[in-house]
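As you go down the protein sequences, you meet chains L and A in turn.
Each residue of the first sequence is one higher than the last, beginning at 5 in the numbering used here.
Each residue of the second sequence is one higher than the last, beginning at 58 in the numbering used here.
All C-beta atoms, glycine included, are put in the ideal place defined by N, C-alpha and C.
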Amino acid sequence: DAGVTQSPTHLIKTRGQQVTLRCSPKSGHDTVSWYQQALGQGPQFIFQYYEEEERQRGNFPDRFSGHQFPNYSSELNVNALLLGDSALYLCASSVGAGHNNEQYFGPGTRLTVT
Amino acid sequence: SQQGEEDPQALSIQEGENATMNCSYKTSINNLQWYRQNSGRGLVHLILIRSNEREKHSGRLRVTLDTSKKSSSLLITASRAADTASYFCATNQGAQKLVFGQGTRLTINP
Chain L
5 DAGVTQSPTH LIKTRGQQVT LRCSPKSGHD TVSWYQQALG QGPQFIFQYY EEEERQRGNF
65 PDRFSGHQFP NYSSELNVNA LLLGDSALYL CASSVGAGHN NEQYFGPGTR LTVT
Chain A
58 SQQGEEDPQA LSIQEGENAT MNCSYKTSIN NLQWYRQNSG RGLVHLILIR SNEREKHSGR
118 LRVTLDTSKK SSSLLITASR AADTASYFCA TNQGAQKLVF GQGTRLTINP
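Printed below as a string of structure tokens:
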């Protein structure tokens, strides 16, 4: 049973560029959440997708957008990259929109903006 | 801003000793979850405790929750070198949005 997978593992981009990160949820999971983790900090919630719609959003600008596909996989897009966007981007999957469901995290994508 | 605060920020103990980490939060929660992270990689889910539970065990892990004090603790008994990692508490305030603290960096010395 495959867990949460993310691609790519590492990515280097230049300021102003755009980036797309991908996530495949754990088998049987239909909800995907994205988190940003700066070095030495805890993860911060970006947004969550369920039934192909953004259900919740954290305190992130509109440069951060996402998408969920019918197979429940998801993409995170960041436009007009800033140096401060350098971080580990984590995807988490879970079942439904219940309040007490465990979230399973992928290995993350390390984004470096130069 | 982050909801939870872990204490201590860093902890170094000898192998075989017990490690205790604490977490405080600010608002009402549905549940609280503890995660482990090795070397800045993905988070591994350790345990979930619901707001109506006071204590939960899983192997060498023991988690307590005191909603009146808005605090939780994670106890790792008989620590091993492989337990060296960062530990995070995360509160679920509804609809699965997790709010994380800054974590405790645990080092187990052989």
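Since residue i and residue j are thought to touch, with beta carbons under 8 Å apart, how far apart are those beta carbons, to the nearest angstrom?
i	j	result
Phe68 of chain L	Val82 of chain L	6 Å
Ile165 of chain A	Arg137 of chain A	6 Å
Asn79 of chain A	Ser130 of chain A	5 Å
Ile133 of chain A	Val120 of chain A	That belief does not hold up - the Cβ atoms of Ile133 of chain A and Val120 of chain A are roughly 10 Å apart, past 8 Å.
Leu86 of chain L	Gly110 of chain L	Going by Cβ atoms, the distance from Leu86 of chain L to Gly110 of chain L rounds to 24 Å, so no, they are not a contact pair.
Ser97 of chain L	His14 of chain L	Contact doesn't hold; Cβ gap of about 21 Å is too wide.
Could you name the residues of the same chain whose beta carbon sits closer than 8 Å to that of residue i, not counting the 5 residues immediately before and after it, in chain order?
i	result
Ser58 of chain A	Confidence is the limiting factor: at Ser58 of chain A the pLDDT is only 41, short of 50, which leaves the residue's position unreliable and the question unanswerable from this model.
Gln22 of chain L	Asn81, Val82, Asn83, Ala84 and Leu85
Gln107 of chain L	Ser37, Ala96, Ser97 and Ser98
For residue i, which residues in the same chain have their Cβ closer than 7 Å to its Cβ, ignoring the five residues on either side in sequence?
i	result
Ala142 of chain A	Arg93, Gln94, Asn95 and Leu163
Ile16 of chain L	Thr116 and Thr118
Ala91 of chain L	Gln40, Gln41, Ala42 and Leu115
Gln60 of chain L	Phe51 and Gln52
Arg117 of chain A	Ile133, Thr134 and Ala135
Sort the options by Cα distance to residue i and report the nearest one.
i	options	result
Ser11 of chain A	A:Ala139, A:Tyr82 and A:Gln66	Because residue 11 of chain A is not part of the residues shown, which for chain A are 58 to 167, the question remains open.
Asn149 of chain A	L:Leu86, L:Leu92, L:Ser37 and L:Ala42	L:Ser37
Lys154 of chain A	L:Thr113, L:Asp89 and L:Gln48	L:Gln48
Phe157 of chain A	L:His14, L:Gly88, L:Gly44 and L:His71	L:Gly44
Gly160 of chain A	A:Ile70, A:Gly97 and A:Asn75	A:Gly97
Ser28 of chain L	L:Gly7, L:Gln52 and L:Leu87	L:Gly7
Pro65 of chain L	L:Tyr108, L:Glu57 and L:Ala84	L:Ala84
Gly20 of chain L	L:Asn105, L:Thr113 and L:Gly88	L:Gly88
Tyr115 of chain A	A:Leu100, A:Gln90 and A:Ala67	With the sequence shown as reference, residue 115 of chain A is identified as Ser, and Tyr is not the correct amino acid for it. Comparing Cα positions, the closest option is A:Gln90.
Lys126 of chain A	A:Asn75, A:Ile86, A:Val101 and A:Leu100	A:Ile86
Gly73 of chain A	A:Glu62, A:Ala135, A:Ala147 and A:Tyr144	A:Ala135
Thr124 of chain A	A:Gly99, A:Ala67, A:Phe145 and A:Thr84	A:Thr84
Only counting the same chain, and skipping five residues up and downstream in sequence, which positions put a Cβ closer than 6 Å to that of residue i?
i	result
Arg26 of chain L	Ser11 and Glu79
Thr24 of chain L	Glu79 and Asn81
Checking the sheet assignment: what are the DSSP bridge partners for residue i?
i	result
His114 of chain A	A:Arg119
Thr148 of chain A	A:Leu89 and A:Val156
Glu62 of chain A	A:Ser81
Thr134 of chain A	In DSSP, Thr134 of chain A forms no bridge with anything.
Thr141 of chain A	Answer is none; Thr141 of chain A lacks a bridge partner.
Leu100 of chain A	A:Gln94
Lys127 of chain A	Answer is none; Lys127 of chain A lacks a bridge partner.
Val8 of chain L	DSSP, once it has assigned bridges, lists no residue as partnering Val8 of chain L.
Asn166 of chain A	A:Gln71
Legend entry - Whole runs of the beta strand (DSSP E) within the stretch 24-107 of chain L, excluding any shorter than 3 residues: Runs of the beta strand (DSSP E) inside the stretch 24-107 of chain L: 35-41, 48-54, 57-61, 68-72, 78-82 and 91-98.
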